[in-house]
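*Asks:* This is the structure I want to talk about, given as structure tokens.
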Amino acid sequence: MKKTQLAGGVTGASRGIGRATARALSAAGFQVFLVADGSREELDAAVTECNTESPNKLKSQWGIFDLERADVAQAIVEATLKAFGRLDVLVSNAGIRIRKPFLNFTADDFNKVISVNLRAGFLLSQAVVPAMRAAGGGRIIFMASQLGIVADSGAALYGLTKAALIHLARSLALELAPEGIIVNAVSPGPIATEYYEQRMQREPELRQRRLDAIPLKRLGQPEEVAEVVAFLATTSATFIHGHNLVMDGGFVIR
Ligand code: NAP
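Here our numbering is used: the first residue of the sequence shown is 1, the next is one more, and so on.
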């Protein structure tokens, strides 16, 4: 009998945590649809990595979609179904940061960050339900942050989107359970992605501040987050539901 090839969609998969997550899902035997809004070269390279990782030589695919637009959620699901015929896992990972003192935020900042970090995951979660229902269930994983739990100066807007994602995971865990859809959030602490490395170059004291606050005295790696997401996306994690899995080297325990 032919083994079912599971399929996943990962947003923000052109680099950083999303790209590592796409690789990890590929290594776990998924076909992956990688979504971002930037360069084709980055996405080509990310898909090549996925194909290399795939144990069964599956071909992943990519699509360029701007998650600031509300109408792309349905289009992403349709493109994934066209590519693979099914959609078992959604990793809503894309996120942007605008760091400013609270009083300097504008309404445009608010709309931009909310649309990418929160509305996209909300609308994608609605759009994936028919496909997951047809497959007899599925998994939705939101990339939240430790900053959805603790506050940081300059991160009022980013933090509220991440706190909202943690809540959204709980709400959907209740409402989508009858569909067989398992929903969780993952909240990383500082992870050594390109974004974070560039920030630490601009703010040299930031690395030491973070190391002082993290009991494990190091930043996390994108692959460590990806492994946790892949664990939540695999069949062995069927009783973890509505959870916010914090992985921050111990940052938030103080
Ligand atoms: P990153 O390197 O900045 O990558 C962000 C990804 O999102 C890119 O693939 C980017 O692709 C995509 N993206 C941004 N705006 C988009 C839009 N309008 N439409 C479609 N795609 C868009 O981020 P990261 O550091 O890997 O973080 C990934 C996620 O983890 C984010 O949600 C972040 O908040 C969360 N997180 C990160 C850390 C950390 O320390 N790095 C800690 C906690 C949580 P394009 O630019 O090509 O569109």
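Glycine residues also receive a C-beta, built at the ideal position from the N, C-alpha and C atoms.
1. Which residues in the same chain as G136 place their Cβ atom closer than 8 Å to its Cβ, once the five residues preceding and following it in sequence are excluded?
2. Which of helix, strand or coil does DSSP assign to F65?
3. Mapping the DSSP letters down to three states, classify R139 as helix, strand or coil.
4. Nearest-angstrom Cα distance between N117 and K57?
5. Which same chain residues end up closer than 6 Å to T11 when comparing Cβ atoms and leaving out the 5 residues on each side of it in sequence?
6. In the DSSP assignment, find the unbroken alpha helix (DSSP H) run with S153 in it and report its ends.
7. Output the boundary residues of the beta strand (DSSP E) element that contains V113.
8. Could you give the distance in angstroms between the alpha-carbon of F110 and the alpha-carbon of L168?
9. Which runs of the beta strand (DSSP E) at least 3 residues long sit entirely within the region 75-105? Give them in chain order.
10. Based on DSSP bridge pairs, tell me the residues matched to L34.
11. In the structure shown, what three-state DSSP assignment does S145 receive?
12. With the cut-off set at 7 Å, would you say G268 and T80 are in Cβ contact?
13. Report, in whole angstroms, the separation of the C-beta atoms of G242 and L216, which I expect to be a contact under 8 Å.
14. What does the Cβ neighbour count give for R19, buried or exposed, with the cut at 16 atoms within 10 Å?
15. Tell me whether R210, by its Cβ, gets closer than 6 Å to a heavy atom of the ligand NAP.
16. Whose CA, out of V32, T238 and F33, lies closest to the CA of R139?
17. Could you tell me if the beta carbon of R202 falls within a distance shorter than 6 Å of some heavy atom in the ligand NAP?
18. Whole angstroms is fine: what's the gap from V113's alpha carbon to V150's?
19. Relative to the alpha-carbon of S115, which residue among R40, V183, S236 and K162 has its alpha-carbon at the smallest distance?
*Replies:* Quick look at the numbers:
1. Contacts found: G180.
2. Of the three classes helix, strand and coil, the one that applies to F65 here is coil, per DSSP.
3. DSSP places R139 in strand when its eight states are reduced to three.
4. 32 Å
5. V35, S92, N93 and A94
6. Note, S153: premise wrong, no alpha helix (DSSP H); not H, not E.
7. Looking at the DSSP string, V113 is not in any beta strand (DSSP E); the run it does join, the alpha helix (DSSP H), is A107 to I114.
8. 18 Å
9. 89-92
10. V10 and W62
11. coil
12. Missing from the structure shown is residue 268; the chain here goes from 1 to 254 and no further.
13. Not really, about 27 Å apart at Cβ, beyond 8 Å.
14. Taking a 10 Å sphere around the C-beta of R19, we find 16 or more other C-beta atoms and assign the residue as buried.
15. Not under cutoff, so the answer is no.
16. T238
17. Relative to the non-hydrogen atoms of the ligand NAP, the Cβ of R202 never comes closer than 6 Å to any of them.
18. Each residue's Cα considered, the two are about 18 Å apart.
19. K162
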